[in-house]
Amino acid sequence: MTRFLKATGYAVGLPAILLTAWWFGSANSTNTFWPPLSTIIETFPTTWTWDRIVADVFPSLARLGIGFGIAVVVGIVLGTAIGLSPTLRALSEPVLEFFRAVPPPVLVPIIALFAGYTGWLGKIVTIALGCLWPILLNTVEGVRGLEPTLTDTAKSYRLSPWRRLVFVVLPGTSPRIFTGARQALSIGVILMVISELFGANRGLGAAIVQFQRSFAIPQMWTGVIVLGLIGVLLAALFKVVENRMLAWYLGQRQIDRGE
Amino acid sequence: MSSSPSTLAPPARPRVGARPRRPRRSRDLWLGIAGVLIVLAGAETLSRTGIVNPDFLPPVTAMYAALFEMLGEGWFWEALWLTVRGWAIGLAAAMALGIALGFVIGSVPFLRKFTSSTIEFLRPIPSVALIPLVILLFGTQPQSAFVLVLYAAFWQVLVQVLYGVADVDPVARDTARSYQFGPIRVARSVIYPTALPYIMTAFRLGAAVALILEITAELVIGVDGLGRELGIAQSSNAVPETYALVIVIGLIGVAVNLLARFVERKALWWHPSVRSENS
């Protein structure tokens, strides 16, 4: 029991101190940029009504989900193909190195040329393209790093290429795929916001910038907090999925380390 | 009797292994060059034949013509310098802060437990959430980009350094204690060598993220630099220039990656992970 209390104390202690400091430090603030925390909290329910959540937050998250999903599927398919063929790998390596190194926000002006930026298409393409490279390259690396014993065993048992893919290659690569997907997710959130800052738009990022332009400062702060909460929730959700799907791998690593 | 064949056999083996390796490496090189050429030629034909509207995708030759024209102009070098400077300052600050705090928090168990929930919470907050705030505070001044770069790269560095400090061999730590090393000496000769590979990973990850945020700040907020020029080129419909700037920024990204890998190899020449790669 005391151990549990101690653990909660550690977990809650610093956040409580920081929030209290923010609360009292800003209590009598007359600086328009740093409104009192109490004001921010008061404006929260009136700003983020159900209507606004439906109109701004859900579409943003839907675009993120679709773009991220496309990137995962395309990244795994292409990554496995490239990883399995040395020729294809040598052929595509410098090109992929370049595309990986291009900072994803740079894609926005290019995609704006093709698809325009008022609809969903341009935004989804931006998110998907930005998320693709980390997943693709990690998949390639994962396939390359497969345990040779495993692949040789599968070959000598004459597993068909399809079964080899499903039972040996993909599970063996999955830890790396998750590493790539985790990087991709944080890039996806960045692109979700940035893609809404161009042109007249609705969406979470657009709403926050709208508040800022109209000097609705407490509302802007609530937007920043909502965005932060979404980032934290997505990271937590990702961890849950990862722990479930990679349970075998995480457990194995724990045994290796002798924990 | 039996020893002579066995002494003869080993030298033969590496030769067999080494021979196909060298042609293979040069074959990979040629394939890589071929891959780049295929992409460039493909884009050129798509545009020339009109399969893709040349207004959206100009011929690659036109992009490079625009690029070479830019190389002769003052604003281009000015913008390039501002971008690289903003990236370097933000990254350096994030590294310094992340390493210092990581060493302190990581070596004091109480601090580690006390801060872990806060770090886990603050880390996934996307740095772009700060964009409206920095616009209000600094407008289009370079400080806007600095705050975004610092915030994004700092967490990458801090978390890696914390892992690194936690990885210190307990035997080494206890040995240092029984030799009565002071805290500075422990940090320098016990923690630092263990954490160095992690610091290098932090540098690699942080460098890439810092560039993303620097370009974002220039593109979205209008901080001076290549990103801002890119936004201007796009909105004034100068399509070949837009692509040329994207190519330049991409090449900066490649250079950043190569630099990070080079620094990693130089700093970790003694480390088993690098040594096994070379041998």
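Quick note, the sequences are listed as chains A and B, same order. Note that my numbering numbers the first sequence so that position 80 is 80, with each residue one more than the last. Each number in my numbering comes from the position in the second sequence (counting from 1) with 1000 added on. Every residue gets a Cβ at the ideal spot worked out from N, C-alpha and C, and that includes glycine. Quantities reported herein were computed from a predicted structural model and do not represent experimental measurements.
Listed by chain order, chain A residues near residue i by CB distance under 8 angstroms
| i | result |
| --- | --- |
| P1109/B | Here the premise fails: no neighbours, minimum Cβ distance about 11 angstroms. |
| L1137/B | F33 |
| A1238/B | Within 8 angstroms Cβ-Cβ: nothing; A1238/B doesn't reach chain A, min ~11 angstroms. |
| F1056/B | L113, F114 |
Boundaries (first-last residue) of the alpha helix (DSSP H) holding residue i
| i | result |
| --- | --- |
| Q210/A | 204 to 213 |
| N1237/B | Run containing N1237/B: none; DSSP gives neither H nor E here. |
| A1093/B | 1074 to 1107 |
| E42/A | 37 to 47 |
| I1131/B | 1131 to 1138 |
| V143/A | 120 to 144 |
| F114/A | 107 to 115 |
| Y157/A | Unbroken run through Y157/A: none, as it is neither H nor E. |
| T1216/B | 1192 to 1216 |
| I1155/B | Ile is not the amino acid found at residue 1155/B; the sequence shown has Trp there. Taken as a continuous stretch (DSSP letters only), the alpha helix (DSSP H) holding W1155/B covers 1142 to 1166. |
| E147/A | First-last for E147/A: undefined, no H or E at that position. |
Helix, strand or coil at residue i [DSSP, three-state]
| i | result |
| --- | --- |
| A1056/B | The question names Ala, but residue 1056/B in the sequence shown is Phe. DSSP places F1056/B in coil when its eight states are reduced to three. |
| R1021/B | Per-residue confidence for R1021/B stands at a pLDDT of 49, beneath the threshold of 50, marking its modelled position as unreliable; the derived number appears in the next sentence. R1021/B: helix per DSSP, three-state reduction. |
| Q1180/B | coil |
| V95/A | helix |
| E196/A | coil |
| A81/A | helix |
| S270/A | Limits of chain A in this structure are 1 at one end and 259 at the other, which puts residue 270/A out of reach. |
| V224/A | helix |
| L246/A | coil |
| G1222/B | coil |
| G1050/B | coil |
| P1124/B | coil |
| P103/A | coil |
| A11/A | helix |
| W34/A | coil |
| W23/A | helix |
| A1244/B | helix |
| W1269/B | coil |
| A216/A | coil |
| N1257/B | helix |
| D1169/B | coil |
Anticipated Cβ contact below 8 angstroms, residue i with residue j, distance rounded
| i | j | result |
| --- | --- | --- |
| G1164/B | T1194/B | 6 angstroms |
| L1211/B | W1087/B | 5 angstroms |
| I135/A | G79/A | 7 angstroms |
| I76/A | I225/A | Not really, about 34 angstroms apart at Cβ, beyond 8 angstroms. |
| A1034/B | A1094/B | A1034/B to A1094/B, Cβ: 39 angstroms. No contact. |
| P59/A | I194/A | Rounded, the Cβ-Cβ distance is 15 angstroms, inconsistent with contact. |
Neighbour flag for residue i against chain C, beta carbons, 8 angstroms
| i | result |
| --- | --- |
| D1028/B | Looking at the structure shown, chain C is missing, and the protein chains on hand are A and B. |
Neighbour list for residue i in chain A, Cβ cutoff strictly below 9 angstroms
| i | result |
| --- | --- |
| P1126/B | S186, V189, I190, M192, V193, L227, G228, I230, G231 |
| T1242/B | P109, I110, L113 |
| Q1234/B | V108, P109, I110, A112, L113 |
| L1097/B | Simply none; closest approach about 18 angstroms. |
| F1203/B | Going along chain A, no residue has its Cβ under 9 angstroms from F1203/B, so there is no contact; the nearest lies around 15 angstroms. |
Contacts of residue i in chain A (Cβ-Cβ under 7 angstroms)
| i | result |
| --- | --- |
| K1113/B | Y10 |
| L1031/B | T87, A90, L91 |
| V1039/B | V95 |
Partner residues on chain B for residue i, Cβ-Cβ distance less than 9 angstroms
| i | result |
| --- | --- |
| P15/A | S1117, T1118, F1121 |
| Q212/A | I1131, P1132, L1133, I1135, L1136 |
| M220/A | P1132, L1133, L1136 |
| L18/A | T1118 |
Distance cut-off 7 angstroms: residue i Cβ against heavy atoms of the ligand FMN
| i | result |
| --- | --- |
| W1155/B | Looking for the ligand FMN in the displayed structure turns up nothing, as the structure carries no ligands at all. |
Contact set between residue i and chain B, taken where Cβ atoms lie within less than 7 angstroms
| i | result |
| --- | --- |
| V106/A | I1215, L1230, V1246, I1249 |
| P103/A | L1211, I1212, I1215, I1249, G1253 |
| I208/A | P1132 |
| P94/A | G1032, G1035, V1036 |
| E97/A | V1254 |
| L197/A | V1220 |
Where residue i meets chain B, residues with beta-carbon distance less than 8 angstroms
| i | result |
| --- | --- |
| V224/A | A1129, L1130, P1132, L1133 |
Taking contact to mean 3 or more Cβ pairs, one atom from each stretch, closer than 8 angstroms, check whether the segment 1169 to 1182 of chain B and the segment 1120 to 1130 of chain B are in contact.
no
Would you say the segment 1235 to 1247 of chain B touches the segment 1178 to 1197 of chain B, given that touching needs at least three Cβ pairs under 8 angstroms?
no
Are the segment 67 to 77 of chain A and the segment 95 to 103 of chain A in contact at 8 angstroms, needing three or more beta carbon pairs?
no
Are the segment 110 to 120 of chain A and the segment 1233 to 1242 of chain B touching, with three or more C-beta to C-beta distances below 8 angstroms?
yes
With contact counted as at least three CB pairs below 8 angstroms, one residue from each stretch, are the segment 1201 to 1220 of chain B and the segment 1144 to 1164 of chain B in contact?
yes
Touching by the beta-carbon criterion (3+ pairs, under 8 angstroms), the segment 209 to 222 of chain A and the segment 172 to 192 of chain A
no
For the 8 angstroms Cβ check, are there 3 or more pairs between the segment 1093 to 1111 of chain B and the segment 1195 to 1209 of chain B?
yes
Answer yes if the segment 5 to 21 of chain A comes into contact with the segment 1104 to 1120 of chain B, meaning at least three C-beta pairs across the two stretches below 8 angstroms, and no otherwise.
yes
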